[in-house]
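Everything below concerns the one structure shown next.
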Amino acid sequence: MEVVTNHQSDSWPDFLPPSQGGSSGQSYNPHYDEEVQRSNYHNQRDRQETNERFWRQASSNVPTQSRPVVTTAIISICFVVWLLQLVVPSFTGDIALNRALSAGQPWRLLTSAFAHGGLAHIACNMLTLWVMGKNLEPLLGRAKFLALYLVSALGGSVCFLLLASPMSFAVGASGAIFGLFGTYAVIYRAMKLPMTSIWTLLGVNLVITLISPGIAWQAHLGGLICGALASALFFYEMKSGKKTAWPGIIVLVIALAALSYVTLRIGF
Numbered sequence: 001m002e003v004v005t006n007h008q009s010d011s012w013p014d015f016l017p018p019s020q021g022g023s024s025g026q027s028y029n030p031h032y033d034e035e036v037q038r039s040n041y042h043n044q045r046d047r048q049e050t051n052e053r054f055w056r057q058a059s060s061n062v063p064t065q066s067r068p069v070v071t072t073a074i075i076s077i078c079f080v081v082w083l084l085q086l087v088v089p090s091f092t093g094d095i096a097l098n099r100a101l102s103a104g105q106p107w108r109l110l111t112s113a114f115a116h117g118g119l120a121h122i123a124c125n126m127l128t129l130w131v132m133g134k135n136l137e138p139l140l141g142r143a144k145f146l147a148l149y150l151v152s153a154l155g156g157s158v159c160f161l162l163l164a165s166p167m168s169f170a171v172g173a174s175g176a177i178f179g180l181f182g183t184y185a186v187i188y189r190a191m192k193l194p195m196t197s198i199w200t201l202l203g204v205n206l207v208i209t210l211i212s213p214g215i216a217w218q219a220h221l222g223g224l225i226c227g228a229l230a231s232a233l234f235f236y237e238m239k240s241g242k243k244t245a246w247p248g249i250i251v252l253v254i255a256l257a258a259l260s261y262v263t264l265r266i267g268f
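Under the UniProt record's numbering, the residues of the sequence shown are numbered 1 to 268, in order.
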């Protein structure tokens with residue numbers, strides 16, 4: 001027997017047999033199985049209605065102009081910065097992330113997220129940003145998507161300062177992009193969808209991060225965590241209607257700023 005998931009009527013279809021003989025000779029009670037089937041059927045319907053309600057609430061926040069303007073702007077800035085890196089060789093050192101230099105130049109925590117190490121690096125990151133950003137930005141809205149991206153980038157930089165060697169340098173948007181991966185994980189969780197595919201995708205990317213030399217896995221980890229936290233705040237606001245997302249984002253930014261201050265000024 002299987003659950004009829006496409007049945008439109010509220011009444012449960014009467015397809016169960018009136019009786020069934022068991023191997024022990026005991027009589028079979030069809031009402032028990034019918035109740036189990038009915039419960040599974042209504043649980044699936046409730047889950048579908050919850051998902052539909054979630055997306056209706058989320059889509060009500062989508063602006064009239066749903067073009068991914070912020071995503072396009074970030075990609076454009078990254079390519080302009082990359083061209084400047086090619087033309088002015090010292091420019092990379094002026095904006096790259098490093099613990100010693102960031103102590104007196106804290107803007108490096110964000111500027112480093114717009115610089116890249118080469119053509120393959122920027123091409124891979126910008127393609128991934130475009131694929132995810134063109135779907136997430138219309139859903140969240142431009143302001144929230146920009147906040148999510150910047151908070152993820154900041155979280156990645158803070159985690160790099162905290163865990164990487166003090167002499168290390170880092171550039172790239174990967175921390176912010178991993179924050180978008182975290183957002184997709186939050187969406188899957190909010191909709192009660194199977195998490196196998198998203199965990200597999202995250203796992204593959206994390207394994208590549210760990211086994212490939214020259215990749216700042218610390219930034220990826222920090223971006224993933226902060227992106228998931230920020231998006232959880234936004235989606236909780238969408239579902240509950242409580243205006244708590246922006247205050248939560250402010251608290252998260254303050255916490256990251258305090259952690260970076262302690263790391264840069266005091267050290268561990």
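Heads up, the beta-carbon is just placed ideally off N, CA and C, and yes, glycines get one too.
Using only CA atoms, which one of the options lies nearest to residue i?
i	options	result
residue 92	103, 78, 104	78
residue 67	158, 238, 136	136
residue 151	162, 173, 185	173
residue 84	116, 70, 74	116
residue 231	245, 103, 162, 99	245
residue 249	143, 109, 215, 196	143
residue 223	183, 200, 214, 106	183
residue 197	206, 185, 257	185
residue 124	205, 89, 86	205
residue 214	200, 121, 101	121
Is the Cβ of residue i closer than 9 Å to any Cβ of chain B?
i	result
residue 246	Among the protein chains of the structure shown there is no chain B, as only one such chain exists.
Note down, in chain order, each residue of its chain lying with its Cβ closer than 7 Å to the Cβ of residue i, except the 5 sequence neighbours on either side.
i	result
residue 111	95
residue 146	70
residue 169	96, 97, 98
residue 100	166
residue 64	Caution is warranted here: a pLDDT of 45 is assigned to residue 64, below 50, making its placement in the model unreliable, and no coordinate value can be reported.
Give the C-beta separation of residue i and residue j to the nearest angstrom, bearing in mind that I take them to be a contact with Cβ-Cβ under 8 Å.
i	j	result
residue 271	residue 140	Residue 271 lies beyond the residue range present for the chain, which begins at 1 and ends at 268; the question has no answer from this structure.
residue 171	residue 229	The pair is not a contact, with the Cβ atoms about 24 Å apart (cut-off 8 Å).
residue 113	residue 190	Actually they are not in contact, since the Cβ atoms of residue 113 and residue 190 sit about 26 Å apart, beyond 8 Å.
residue 103	residue 265	7 Å
residue 129	residue 187	In fact, because the Cβ distance is near 17 Å, the residues do not count as touching under 8 Å.
Bridge partners for residue i per DSSP, in chain order?
i	result
residue 170	97
Could you check if residue i is buried or exposed, using at least 16 other CB atoms within 10 Å of its CB as the buried criterion?
i	result
residue 193	exposed
residue 219	buried
residue 263	buried
residue 82	buried
residue 238	buried
residue 221	buried
residue 251	exposed
residue 208	exposed
residue 119	exposed
residue 256	buried
Which residues in the same chain as residue i place their Cβ atom closer than 6 Å to its Cβ, once the five residues preceding and following it in sequence are excluded?
i	result
residue 133	68, 71
residue 277	Because the chain in this structure spans residues 1 to 268, residue 277 falls outside the shown range and cannot be described.
residue 216	160, 170
residue 241	none
Cutting at 8 Å between CB atoms, please list the residues of its own chain near residue i, excluding the five before and the five after it.
i	result
residue 227	148, 151, 152, 155, 176, 178, 179, 180, 181, 182, 183
residue 259	158, 162
residue 253	151, 154
residue 202	181, 185, 224
residue 234	140, 144, 148, 245
residue 243	237
residue 131	none
Does the distance between the C-beta of residue i and the nearest non-hydrogen atom of the ligand ATP fall short of 8 Å?
i	result
residue 262	Looking for the ligand ATP in the displayed structure turns up nothing, as the structure carries no ligands at all.
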